[in-house]
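One structure is given below, encoded as structure tokens.
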Amino acid sequence: TVAIQPQREAGTQMTKVGVYIAGERDVVRTPRSYFPADEVHKVRTRMAQVIQRHARGAFARSRARRLRKEKADRAAWEEAEKERIQMEGDMRHKREIEKRMHPRTYDDFATLYMELEGWRIN
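Written as structure tokens, this is what we have:
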């Protein structure tokens, strides 16, 4: 049918007497030099190595970035933990001083009495 006919037939026809073929859209093809299979293999191997090198470099950079982030996160966590422990120690010390300055419970008075006895003996 006409719907499946290409716009320009694919084929070769030579000009001859009585037949004119327009050559404006013709493309001249020239052969390249012969490329043996082992050369193709060498080029493909070299290109594969380049691709592998770039991929491995990208993976290594990604891993190094992740490890640096984990190290920084761990250092920040350790610093925060150290600060928290220091703050808890300070708060505990302040509570102990407050208990000694203004005792309220039986345990507070017992602690003061024990310290007073220890001081008196020594």
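Position 25 of the sequence shown, counting from 1, maps to 1168 under my numbering, and the rest follow consecutively.
Yeah, the Cβ is synthetic: ideal placement off N, Cα and C, and Gly gets one too.
Computed from a predicted structure; not experimentally measured.
Just curious, the alpha helix (DSSP H) that residue i is in, first and last residue?
i	result
alanine 1219	1180 to 1244
alanine 1253	1249 to 1264
Would you tell me roughly how many angstroms separate the C-alpha atoms of residue i and residue j, rounded to the nearest one?
i	j	result
isoleucine 1264	threonine 1254	15 Å
valine 1160	aspartate 1169	20 Å
arginine 1204	valine 1183	31 Å
methionine 1230	lysine 1237	10 Å
glycine 1166	glutamine 1156	11 Å
tryptophan 1220	lysine 1214	10 Å
glutamine 1192	alanine 1201	14 Å
arginine 1189	arginine 1208	28 Å
aspartate 1216	lysine 1225	14 Å
tyrosine 1256	tryptophan 1262	10 Å
aspartate 1181	threonine 1173	23 Å
For residue i, collect the residues of the same chain with a Cβ closer than 8 Å to its Cβ; drop the 5 residues on either side in sequence, then sort them by chain order.
i	result
threonine 1158	Ile1164
alanine 1198	none
alanine 1218	none
Among the residues of its own chain, which have a CB less than 6 Å from the CB of residue i, if the five just before and after it don't count?
i	result
arginine 1187	none
Select from the options the residue whose C-alpha is nearest the C-alpha of residue i.
i	options	result
aspartate 1251	Glu1239, Gly1261, Arg1208	Glu1239
arginine 1243	Leu1210, Gly1232, Glu1258	Glu1258
Keeping to the same chain, check which residues put their C-beta closer than 7 Å to that of residue i; ignore five residues upstream and five downstream.
i	result
valine 1171	none
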